[in-house]
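Working notes for the structure below.
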Amino acid sequence: MGERALETHPAIEDFFALHKYRDSTAKNLTDAKWKILGDVVGILSYPHDIQQLMSGEATPSLTGVLPTFQGLQNRWEVLLSTIAPTQKHYILAAMEWLNKYHEKARKTPAYVMAMVLNPSIKFSFIMKYWSPIEQETAMDWIKAELATYRAREASKLTTSSSRKKAACPHSRLGLKSDDEEDNETDLDTECTLYISER
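Taking full-length UniProt numbering, the leading residue of the sequence shown gets 1, the next gets one more, and so forth.
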């Protein structure tokens, strides 16, 4: 509604300039109020864009939540320098809410795993926006998940490969197969390789 009023502002001014409506000019907005309306529309357009972006996905995922909200916060920080001082408290209140959300999300392994498993994000967002302590915690969560996954896969392999092992020439010679060598790559190296991969 506010956007439509701003788009039709010149027509509204022309309407009230007509002789027969001059008595109704008290109903028209002053220049200061038009500026405030523009600020409010600007403030609300950012979360509206975010909502449209997130709801437009066929399958919304956690992957984009934190980067998208960070983008919202960045846009509001820029807007703070251009809007009227009387409107700044709205943005500051919204940014406070976003910061609380970020704090909770940073303590939730699901967000970290979703971003890290997305090949277009991996660890880049965390490196850019999170503190060193938060980065370390995130890396610990990744390694813990990877260790759990490895243990589960190893137990599957152990049962199926124990039958094959007796017939394997590697085991008869006391050598390790390629699969066994791969499983011994340490978690730090594996995480570092994955994260640094382009």
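Every residue, glycine too, gets a C-beta built ideally from N, C-alpha and C. The model shown is predicted, which means the values in this text are computed figures rather than measured ones.
Here Leu29 carries a coil assignment [DSSP, helix/strand/coil].
In this structure, the straight-line span from the alpha carbon of His48 to that of Glu153 is close to 44 Å. Rounded to the nearest whole angstrom, the CA to CA distance from Lys104 to Ser196 is 27 Å. In the displayed model, Trp130 falls within coil according to three-state DSSP, outside both helix and strand.
The distance from the Cβ of Tyr46 to that of Leu72 is about 6 Å, consistent with a contact at the 8 Å cut-off.
In the DSSP assignment, Asp188 falls within the alpha helix (DSSP H) that extends over Leu187 to Ser196. Here Ala151 carries a helix assignment [DSSP, helix/strand/coil]. A straight-line Cα-Cα distance of about 52 Å links Leu44 and Lys156.
Secondary structure at Gly71: helix, using DSSP grouped into helix, strand and coil. Using a Cβ distance threshold of 8 Å, Ile126 and Met115 count as a contacting pair. One alpha carbon belongs to Ala32, the other to His9, and they sit about 13 Å apart.
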